[in-house]
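Asks: In the numbering used here, the protein residues as written are 9 to 337.
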């Protein structure tokens, strides 16, 4: 089989979004409006036809020094293949081999967890790519809040009790600006190389669209009239994603994020969905998410560098540089 590479302009939003919604791997990251906001540009692989796709694969694209590069955009944890039927190893491999022929440089591309079984079967047999296994954490929300709370670790229950002693006021909001400000003031300095200013523009645009679609909730923790922590949760097709959060020192020491997440779970009492914590590969953060009763879920990322020698050296140097810088923090 040979996938078809198409440009964004060739994609019918209704057909594409209907396919994503019906797919076995359905996630909001792959909806056209979402990709339009978080990507500089995107294309796609489809099969067997553009008009009636059975498998699609969105490809975020940026241009650098004359090359078309695949990259993983911010606020988009994973993409991968979206199919109406279970994927075969042959189908998955056909799409990846097409990438090998078409793109010399893939800085990173993350496949959704539902693609993992097929990916693990042949990852070691693909010399054209570097494969790495990543993890997120999923909390399966079923039944009542009391049943969910019973799955909290003893440490999380103690911190939840401590957070209530702070007398936080937890409030929903339709304004994401305080959350962005909190992040800019309290988290930016801890990120090696800083944060691309466009990231704040994109998250604001994303929230405005999601809010209009009734697919986003912002919670704030307020003390003495000051917002000191906030979280953004996105909901779509039976899945909730912990997309963005921030806290100042008072919010961190006062366990504000624990209380806000707990309040969100209370508000979801009786709903059945998967809560995706969007975990970074940081042990302390993963431990925090596990303390709510979540479980690690693996997914694969690929990268590739077959640029001409001078360009390859520059890209390898940049990766080494940023890896060294990150090791200092």
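Note that CB positions come from ideal geometry on N, CA and C, so glycine has one too.
Just tell me which of 296, 239 and 224 has its CA closest to the CA of residue 230.
Replies: 239
Asks: Ignoring anything shorter than 4 residues or poking outside the stretch 131-216, list the alpha helix (DSSP H) runs there in chain order.
Replies: 153-157, 162-173 and 185-194
Asks: When the Cα atoms are used, what is the spatial distance from residue 89 to residue 127?
Replies: The straight-line gap from Cα to Cα measures roughly 11 Å.
Asks: How should residue 20 be labelled, buried or exposed, when 16 other C-beta atoms within 10 angstroms of its C-beta is the threshold for buried?
Replies: exposed
Asks: So is residue 205 buried or exposed if we call it buried at 16+ other beta carbons inside 10 Å?
Replies: Classification for residue 205: exposed.
Asks: Touching or not, the stretch 101-111 and the stretch 75-90, by the rule of three or more beta carbon pairs under 8 Å?
Replies: yes
Asks: List the endpoints of the continuous alpha helix (DSSP H) containing residue 268.
Replies: 264-275
Asks: If distances are taken between C-alpha atoms only, which option among 160, 155 and 116 comes closest to residue 141?
Replies: 116
Asks: Using the three-state DSSP reduction, which class does residue 319 fall into: helix, strand or coil?
Replies: Since pLDDT at residue 319 reaches only 49, below the 50 mark, its modelled position is unreliable, and the value read off the structure follows with that caveat. It is helical.
Asks: Exposed or buried, residue 257, counting other C-beta atoms within 10 Å across all chains shown (16 or more means buried)?
Replies: A residue is called buried once 16 or more other Cβ atoms fall within 10 Å of its Cβ, and residue 257, having fewer, is exposed.
Asks: In its own chain, which residues sit with a C-beta less than 8 Å from the C-beta of residue 175, not counting the 5 before and 5 after it?
Replies: 231
Asks: With three or more C-beta pairs closer than 8 Å as the rule, is the stretch 41-52 touching the stretch 81-98?
Replies: Taking 8 Å as the limit for Cβ pairs, the verdict is that the stretch 41-52 does touch the stretch 81-98.
Asks: Please list the terminal residues of the continuous alpha helix (DSSP H) segment that includes residue 25.
Replies: 21-30
Asks: If you measure between the beta carbons of residue 304 and residue 145, is that distance less than 8 Å?
Replies: yes
Asks: Of all the options 298, 179, 311 and 105, which has the alpha carbon lying nearest to the alpha carbon of residue 147?
Replies: 298
Asks: Mind the definition here: the stretch 221-229 touches the stretch 264-284 only if three or more C-beta pairs lie below 8 Å; say whether that holds.
Replies: yes
Asks: Excluding the 5 residues preceding and the 5 following residue 27 in the sequence, name in chain order all residues of the same chain whose CB lies nearer than 8 Å to its CB.
Replies: Counting only Cβ-Cβ distances below 8 Å, and skipping sequence neighbours, we find 61, 64, 90 and 92.
Asks: What do you get for residue 9, buried or exposed, if any count of 16 or more other CB atoms within 10 angstroms of its CB means buried?
Replies: Looking at its Cβ environment, which holds fewer than 16 other Cβ atoms inside 10 Å, residue 9 is exposed.
Asks: Ignoring anything shorter than 3 residues, give me the beta strand (DSSP E) runs that lie fully in the stretch 239-264, in order along the chain.
Replies: 247-255
Asks: So, using beta-carbon positions, are residue 160 and residue 119 closer together than 8 Å?
Replies: no
Asks: For the alpha helix (DSSP H) that residue 97 lies in, which residues bound it at each end?
Replies: 97-110
Asks: Do you know whose CA, among 250, 165 and 236, lies nearest residue 177's CA?
Replies: 236
Asks: To which residues does DSSP link residue 53 through a beta bridge?
Replies: 13 and 65
Asks: Hey, how far is the Cα of residue 171 from the Cα of residue 280?
Replies: 26 Å
Asks: Using 8 Å as the threshold, is the C-beta distance between residue 136 and residue 312 below it?
Replies: yes
Asks: Could you pull out every residue in the same chain whose Cβ sits closer than 8 Å to the Cβ of residue 255, ignoring the five residues on either side in sequence?
Replies: 190, 194, 229, 236, 237, 238, 264 and 265
Asks: Among 121, 243 and 11, which has the Cα closest to the Cα of residue 67?
Replies: The residue with the shortest Cα to Cα distance from residue 67 is 11.
Asks: Let me confirm a value: residue 54 is counted as buried when at least 16 other C-beta atoms fall within 10 Å, else exposed. Which label applies?
Replies: buried
Asks: Go ahead and label residue 59 buried or exposed: buried means 16 or more other beta carbons lie within 10 angstroms of its beta carbon, across all protein chains shown.
Replies: exposed
Asks: CA-CA distance, residue 332 and residue 277?
Replies: Low confidence applies here, because residue 332 scores a pLDDT of 33, under 50, leaving its location unreliable; read the following figure in that light. For residue 332 and residue 277, the distance between alpha carbons rounds to 45 Å.
Asks: Give the DSSP-derived three-state secondary structure of residue 113 in the structure shown.
Replies: strand
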